[in-house]
Amino acid sequence: MSSNYGPIGSSNTGSYCVAGIAGTYPASAIAGQTGCVATYACYTSSAKTVGTGTQVMSYGTAAGSAANTLDVQMITNIYDTANQLAGSGASTFTISSAGVPSLTRFEMLVAASGMTLNIVGQ
Numbered sequence: 000m001s002s003n004y005g006p007i008g009s010s011n012t013g014s015y016c017v018a019g020i021a022g023t024y025p026a027s028a029i030a031g032q033t034g035c036v037a038t039y040a041c042y043t044s045s046a047k048t049v050g051t052g053t054q055v056m057s058y059g060t061a062a063g064s065a066a067n068t069l070d071v072q073m074i075t076n077i078y079d080t081a082n083q084l085a086g087s088g089a090s091t092f093t094i095s096s097a098g099v100p101s102l103t104r105f106e107m108l109v110a111a112s113g114m115t116l117n118i119v120g121q
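Residue numbers (numbering that gives the first Met the number 0): 0 to 121.
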């Protein structure tokens, strides 16, 4: 992670999200640390005329399963215009003692029309 490259927004089909304040990653991390990286206002397009809700990107850290490693989980929660959770995603990276990250887990949760889909990969 680098504190020099904070997220400023994202664009996907049917979704254009802009950070209210440019997000920041921590300069360093230790086990047990958590924080908010960025909060985005989301719209249907770059015209920013129709709001669709918000996205909140955060992180959490834990001691890795191997000696001298750190697990960093990046979490994105997606809220609709009524501020109800509509979906979430998380990626866990294990950082080696040399500072090398490797993807160790990902998870996606989508809730729509009373149904929930949860996909996990390791």
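Beta carbons are placed, not taken as given, at the ideal position from N, Cα and C, and that holds for glycine.
Every value quoted in this text rests on a predicted model; they were computed, and no experiment measured them.
Collapsed DSSP secondary structure at residue i in the structure displayed
i	result
Ala40	strand
Cys35	strand
Ala110	strand
Ala26	coil
Ile118	strand
Ala18	strand
Thr103	strand
Neighbour-count burial assignment, residue i, 16 or more Cβ in a 10 Å radius
i	result
Val119	exposed
Gly63	buried
Val36	buried
Gly13	exposed
Ile7	exposed
Ile29	exposed
Thr33	exposed
Ala65	exposed
Ser1	Residue placement at Ser1 is poorly supported in this model, since its pLDDT is 48, which falls under 50; the coordinates are not used for a value here.
Pair within 7 Å by beta-carbon distance, residue i and residue j
i	j	result
Thr75	Gly88	yes
Phe199	Val71	Here the chain covers residues 0 to 121 and nothing more, so residue 199 does not appear.
Thr80	Gly113	no
Tyr42	Gly50	yes
Bridge partners - residue i, DSSP secondary structure assignment
i	result
Gly8	Val17
Thr53	Ala40, Tyr78
| message | Give the list of continuous beta strand (DSSP E) stretches no shorter than 3 residues that lie fully inside the stretch 60-97. | response | 69-78, 84-94
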